[in-house]
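Student: Every number in my numbering is 34 more than the matching position in the sequence shown, counting from 1. Every residue, glycine too, gets a C-beta built ideally from N, C-alpha and C.
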Amino acid sequence: MHSYFNKSINRRFLFIMMIVFTLAFIGIMTIFSIEASIKESYKVERDELIKKQNVVKELEHHYTQMILRERGFLAFQSQRELQASYLEGHKLTETLSRFQQFPLNEEEKQISRDLSLFTDKFIHQLLPRFEGLIEKNDYYAIREISQSGTTDTINSFLEYMEHSSSNYNQALQDHYDHFLKETQRLNYLLLAYVIFLLAIIQVAIRRITKDIGRPIQELSLTSEQLAAGNIGVYNTPYKNQLANREDELGVLTRSFENMVLSLQSKEEELYAHNEELLAQQDELTDQRNKLERSLAEQELVEAKLIQSLDEVEKNRTVLMNLNRLNHDLSISLDRSVLLDSVLAHTLKIYSMDKAMIVLLNDRNEYSSIGISKHQAEKFKQCIQDSLVIRLEETKEPFLSERTAEPYEQGYHENPIRVFDLYLPVYSSTEELIAVFISSRLGSPFHVEEINELTGVMNRVSLSLEKISLYEETESNRQVNQDIIDHVNEGIQLVDLEGQLLQTNRTLCHMLGWEDNFDAGLSIYSQWSRSLEELSDMDQGLTQYLHEAVFGRSSSSSYQYNITHPRLRVIKVYAQAIYRNQHKIGTLLVHRDITAEYEIDQMKSDLVSTVSHELRTPLTNVLGFAELMITRELKPDRQRKYLETIYKEASRLTSLINDFLDLQRMESGKQSYQKVKFELVALVKEVMDSFKYTTTKHQITVNHPVVNTTIYADKEKMVQVFTNLISNAVKFSPHGGDIIVNFEENNEQLLIHVSDQGLGIPPEEQSKLFQKFHRIKHDDRHQIGGTGLGLAICKEIIAEHGGNIEVKSELGSGSIFTVILPLPRNQELDSSPTKPSLNKEFGTVIVIEDDLSLAMLLTDELTESGFYVKHYTDGILALSEIKQHTPAAIVIDLMLGDSPDGWKVIEELKKSPETQAIPIFISSALDEKEKGRTFGAKDYLIKPYPPSKLSSILLQTLLLGTQNGEIHIPHVKEKEV
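1. Indicate the three-state DSSP secondary structure (helix, strand or coil) for residue 855 in the structure shown.
2. Residue 953 and residue 927 look like a contact to me (Cβ under 8 Å); what is the Cβ gap, rounded to whole Å?
3. For residue 469, list the residues DSSP reports as bridge partners.
4. Indicate whether residue 598 and residue 544 have their beta-carbon atoms separated by less than 8 Å.
5. With distances taken between CB atoms, is the gap from residue 594 to residue 572 smaller than 8 Å?
6. What separation, rounded to the nearest whole angstrom, lies between the Cα atoms of residue 773 and residue 857?
7. Can you tell me the Cβ-Cβ gap for residue 557 and residue 532, rounded? I've got them flagged as a contact below 8 Å.
8. Whose CA, out of 655, 522, 415, 789, lies closest to the CA of residue 840?
9. Would you mind working out which of 473, 352, 337, 396 sits nearest residue 415, comparing C-alpha positions?
10. If we count Cβ pairs, one from each stretch, closer than 8 Å, do we get three or more for the segment 370-389 versus the segment 466-476?
11. Using the C-alpha atoms, what's the distance from residue 221 back to residue 49?
12. Tell me whether residue 501 sits in a helix, a strand or coil according to DSSP, three-state version.
13. What residue range does the alpha helix (DSSP H) around residue 916 cover?
14. Using CA coordinates, which residue listed in 228, 694, 714 is at the minimum distance from residue 705?
15. Can you name the residues that DSSP bridges to residue 536?
16. Alpha carbon to alpha carbon, how far is residue 823 from residue 522?
17. Could you compute how far the alpha carbon of residue 46 sits from the alpha carbon of residue 308?
18. So is residue 316 buried or exposed if we call it buried at 16+ other beta carbons inside 10 Å?
19. Could you give the C-beta distance for residue 362 and residue 370, rounded to a whole number, given that I count them as a contact under 8 Å?
20. Residue 618: buried (16+ other C-beta within 10 angstroms of its C-beta) or exposed?
21. Smallest Cα separation from residue 160: which of 849, 779, 177, 676?
22. Which residue from 456, 447, 241 puts its Cα closest to that of residue 434?
23. Here's the rule I'm using: 16 or more other beta-carbon atoms within 10 Å means buried, otherwise exposed. How should residue 753 be labelled?
24. For residue 413, collect the residues of the same chain with a Cβ closer than 6 Å to its Cβ; drop the 5 residues on either side in sequence, then sort them by chain order.
25. Using 10 angstroms around the beta-carbon of residue 553, count the other beta-carbons present and answer buried if the total reaches 16, otherwise exposed.
26. Could you have a look at residue 434 and say whether DSSP puts it in helix, strand or coil?
27. Expressed to the nearest angstrom, what Euclidean distance is found between the alpha-carbon atoms of residue 854 and residue 526?
28. Measuring alpha carbon to alpha carbon, tell me which of 114, 424, 713, 949 ends up nearest residue 778.
29. I'd like to know whether the C-beta atoms of residue 1021 and residue 938 end up nearer to each other than 8 Å.
30. I believe residue 804 touches residue 825 by the beta-carbon criterion, under 8 Å. Please report the beta-carbon distance rounded to the nearest angstrom.
31. Could you give the uninterrupted runs of the alpha helix (DSSP H) lying entirely in the segment 65-141, keeping only those of 4 residues or more?
32. Taking the alpha-carbon positions, what's the residue 83 to residue 44 distance?
33. Whose CA, out of 498, 432, 442, lies closest to the CA of residue 462?
34. Whose C-alpha, out of 896, 112, 150, is nearest the C-alpha of residue 129?
35. Closest to residue 885 by CA distance: which of 929, 916, 844 is it?
36. Tell me, please, whether the segment 335-353 touches the segment 437-454 by the rule of three or more beta-carbon pairs shorter than 8 Å.
In structure tokens, the structure reads:
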């Protein structure tokens, strides 16, 4: 064991330290254990004293509150105070119970028992007794009880509690003092133990020093001697002793001895090497001096290079900003962006503190940096009165120097000089178009900078002129685009490759493309494919477009149909565009001819209808008339033929009236004579007219209790319901019920005309009220008609503020609904009074260019007792009228080559001799409104029965009221 520790100094040192640390650990842990025990004991006793003290304080509080509440009750007779006293008494009892659980001395036990008895007595005896005495107002008894010793008892308890509180405080202090003494004693013990450990450590250190330090000291001295060159003096008293040791010092001593021997053997060799090294050292010194001189020169060159690089970087930054400025000047097409860019780059390049550039146009546009908006606006207002005048006069830059304003001075105390530079910007016509103003604080502008800025302003001038040209060009382009956008035809311009260059809004709307130009349809394959799809893959259109765009044809056209979302007919024209006799593109014009196409279709339908509907009755009229002229017929046969001719003529008249009615309605010239009447009665009259024309149909009217009085034109209503019921009969070839139903709804009268006929296909219902439209269906080929009836009905009902609707299902019949407004406060038209006849006759002048009609009118008027003179020329008739004043004049408005009837009437009204002659208008033109301007009330529209004319003449002349009125007799237009 001893040899184990002798082999290593480390082991011996660790063994000693282990013994010392073990003793220190045991002693310290023992002292800490004793200290913890003392602290725990102190804490337990202190907590118990504090709890007891707190309970005593609670006793004192509840006891005091109980007495105070009791005295408050006695003083103020408050039940609230009494209840509070009871409550505090119970709390005092509970607190006493907790107090008695602590370990108590004899005095505390006695006081606890006395206080418990007193509390019980106070709650169960004194308080109820006081309560009863208070109710009796027996204050004398209360004082007797108080003086009987109760008050002394209360005071003694209070004194004890105060004394107990101070006792507990003293006990806590004593306990704390005892704890401090015990702690101090432990500290002394710890100090003594530490001193003991230090003594042990001192002994251990001394032994280690003796065993290790002295040999090391001897080796150190020997090493110093060796270092001093005394290699041969290695011989110490401890040499043998150290060499025999087994630990590290022994190993070190033996190694040191070997090293000394080795050093002695190599000393001469080292001297030789030393001489050689000294020589090399001198050479290295020379080289180092040369290197230092080279480094100094290199540092100087490096400094110059850094300075050059800084200048290059500065120039690069300036060039970069100039390049960016030139780029902005070359590409910018916005004045505000251009001005902002000029200021931003010039401030970076020339280190200006603030700057502003103002355009001398109508708006004085400007851009500024470092200048408030208020200052900029102020400068704009007075720009014509500023130093700009000098720029206009001298046409040279101007530099001024001034003292900085307070707001420019900032935090500087000493005055600062400000240098303001004014630069003019001239156009190519030497017109001042802008002014550049910049300022520097404390740094003047150099001549080179002013020249450079002048060059920049010249480039700015070119950019501003370029922007003006661009804006003018863009404005012209926009005007051209606006013009073609408002053209009704779709315009499409393509280049030689079919690339879409320009379109207008009409084309985009027509073809469903996006507004103005669709980038997705720019190439030929895309937009031509779109047109193919819209036209349901019309190969003819595809071939035409390819030939128009890529062929040599200069102009052509093609018609195609667009089927979605509705059928439209488009005609496209192609025109090659040439420049300098070379084709550069193709202009395609798409025109929507749907309306013209429909009109052509309507014209075709009209021709077909007229050829069928007019030729048949005309054939009958001509045939029977020819028979009557060429043959001798019996009277009954003649009458039969005449009746047939009259019926066919009536049919022709009805057809012509339909055409004229629709034409007047569409032109707004149709007049209406509106009166109040019962519509149900009128409908029944119309129904009665169909009783003998059909035996397959049962026509009935459903008239519940509703108001059917309307304000309308009676004859037009007859025309409407005659058409509707006639259609119901015609389009119910197999018979069935036709029902007219009346319904009142929200001040509107609804008349439903329903049948059980063929019905109407859904796709035809929207076109049903178009003129000349007839349903083309296999089951209707044998049913005649012009296609005008429903269109006329629609116009009449619309003029009366109503509407007409249809509901139908093919094969199940139709329901036509007429919606009319019910009148509110309109007055009934007064009935005309019948004139009394006068036996006075006279001459009637007939002005008519149709000889057949003139002969018919002459015969009719002659038979009625008038003397008739006929003229075909208006001028001759005027001459005759001025020479021989007639009783009346019958005039046609259309007189061939002579002046028309209106001019004749105007001449008659100018002359006092002729202005009182009554005039009767007989014309095929419906111009009632114009007639009213001459005082007319109505006139005869051809064809009309001649008997009506003679009847009206007699009524007018026999009344004897010839005041020059123009008579336009009111007749049924369908009569002949």
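Tutor: Working from what's here:
1. Along the sequence shown, read from residue 1 onward, the residue named residue 855 stands at position 821. In the three-state scheme derived from DSSP, where H, G and I count as helix and E and B as strand, residue 855 is classed as strand.
2. Residue numbering aside, residue 953 sits at position 919 when the sequence shown is read from its first letter. Residue numbering aside, residue 927 sits at position 893 when the sequence shown is read from its first letter. About 11 Å separates the two Cβ atoms, so there is no contact after all.
3. In the sequence shown, the residue the question calls residue 469 occupies position 435. As a beta-bridge residue in DSSP terms, residue 469 pairs with 392, 458.
4. As a position in the sequence shown, residue 598 is number 564, starting the count at 1. As a position in the sequence shown, residue 544 is number 510, starting the count at 1. Not closer than 8 Å, so no.
5. Counting from 1 along the sequence shown, the entry for residue 594 is found at position 560. Counting from 1 along the sequence shown, the entry for residue 572 is found at position 538. Cβ atoms of residue 594 and residue 572: closer than 8 Å.
6. Here residue 773 corresponds to residue number 739 of the sequence shown, with the count starting at 1. Here residue 857 corresponds to residue number 823 of the sequence shown, with the count starting at 1. One C-alpha to the other measures close to 25 Å.
7. Mapped onto the sequence shown, residue 557 falls at position 523. Mapped onto the sequence shown, residue 532 falls at position 498. The Cβ separation is near 7 Å, so the contact holds.
8. The residue labelled residue 840 in the question sits at position 806 within the sequence shown. If we check each option's Cα against that of residue 840, 789 comes out closest.
9. In the sequence shown, counting from the first residue as 1, residue 415 sits at position 381. The candidate whose alpha carbon is nearest that of residue 415 is 396.
10. Here the segment 370-389 lies against the segment 466-476, with 3 or more beta-carbon pairs under 8 Å apart.
11. Indexing the sequence shown from 1 puts residue 49 at position 15. Indexing the sequence shown from 1 puts residue 221 at position 187. Cα to Cα, the separation comes out at about 29 Å.
12. Along the sequence shown, read from residue 1 onward, the residue named residue 501 stands at position 467. The three-state reading of DSSP puts residue 501 in helix, counting H, G and I together.
13. Residue 916 sits at position 882 when you count from the first residue of the sequence shown. From DSSP, the alpha helix (DSSP H) with residue 916 extends over 908-917.
14. As a first step, residue 705 must be located in the sequence shown, where it is residue number 671. Looking at 228, 694, 714, the one whose alpha-carbon comes closest to that of residue 705 is 694.
15. Here residue 536 corresponds to residue number 502 of the sequence shown, with the count starting at 1. Residue 536 is bridged by DSSP to 527.
16. Locating residue 823 in the sequence shown gives position 789, counting from the first residue. Locating residue 522 in the sequence shown gives position 488, counting from the first residue. Going from the Cα of residue 823 to the Cα of residue 522 covers about 33 Å.
17. Translated into the one-based positions of the sequence shown, residue 46 becomes position 12. Translated into the one-based positions of the sequence shown, residue 308 becomes position 274. For residue 46 and residue 308, the distance between alpha carbons rounds to 44 Å.
18. For the purposes of this step, residue 316 is taken as the residue at position 282 of the sequence shown. With fewer than 16 other Cβ atoms inside 10 Å of its own Cβ, residue 316 counts as exposed.
19. If you number the sequence shown from 1, residue 362 lands on position 328. If you number the sequence shown from 1, residue 370 lands on position 336. 12 Å between Cβ atoms; not a contact.
20. Taking the sequence shown and counting its residues from 1, one reaches residue 618 at position 584. Residue 618 comes out exposed.
21. The residue given as residue 160 occupies position 126 in the sequence shown. Restricting attention to 849, 779, 177, 676, the CA atom closest to the CA of residue 160 is found in 177.
22. To locate residue 434, count along the sequence shown from 1; it is residue 400. Looking from the CA of residue 434, the closest CA among 456, 447, 241 belongs to 456.
23. Indexing the sequence shown from 1 puts residue 753 at position 719. Of the other Cβ atoms in all chains shown, 16 or more fall within 10 Å of the Cβ of residue 753; this residue is therefore buried.
24. Translated into the one-based positions of the sequence shown, residue 413 becomes position 379. Leaving aside the five residues that flank residue 413 on each side, none in its chain has a CB nearer than 6 Å to its CB.
25. On the sequence shown, residue 553 is found 519 positions in, with the first residue counted as 1. Low local confidence applies: a pLDDT of 49 at residue 553 is under 50, so the model's placement there is unreliable, with the coordinate-based value given in what follows. By the neighbour-count rule (16 or more Cβ atoms within 10 Å), residue 553 is not buried but exposed.
26. Walking along the sequence shown from the start, residue 434 turns up at place 400. DSSP places residue 434 in strand when its eight states are reduced to three.
27. Here the question's residue 854 lines up with position 820 in the sequence shown. Here the question's residue 526 lines up with position 492 in the sequence shown. It is roughly 49 Å from the alpha-carbon of residue 854 to the alpha-carbon of residue 526.
28. Here the question's residue 778 lines up with position 744 in the sequence shown. Here the closest residue by C-alpha is 713.
29. Absent from the structure is residue 1021, since the part of the chain shown begins at 35 and ends at 1010.
30. For the purposes of this step, residue 804 is taken as the residue at position 770 of the sequence shown. For the purposes of this step, residue 825 is taken as the residue at position 791 of the sequence shown. 6 Å between Cβ atoms; contact.
31. Those alpha helix (DSSP H) runs which fall completely within the segment 65-141 and span 4+ residues are 113-133.
32. As a first step, residue 83 must be located in the sequence shown, where it is residue number 49. As a first step, residue 44 must be located in the sequence shown, where it is residue number 10. Take the alpha-carbon of residue 83 and the one of residue 44: they are about 57 Å apart.
33. On the sequence shown, residue 462 is found 428 positions in, with the first residue counted as 1. With respect to the C-alpha of residue 462, the residue from 498, 432, 442 having the closest C-alpha is 498.
34. In the sequence shown, residue 129 corresponds to position 95, counting from 1. If we check each option's Cα against that of residue 129, 150 comes out closest.
35. On the sequence shown, position 851 is the one that residue 885 refers to. Among 929, 916, 844, the Cα nearest to that of residue 885 belongs to 929.
36. No, because fewer than three Cβ pairs between the segment 335-353 and the segment 437-454 fall closer than 8 Å, the two stretches do not touch.
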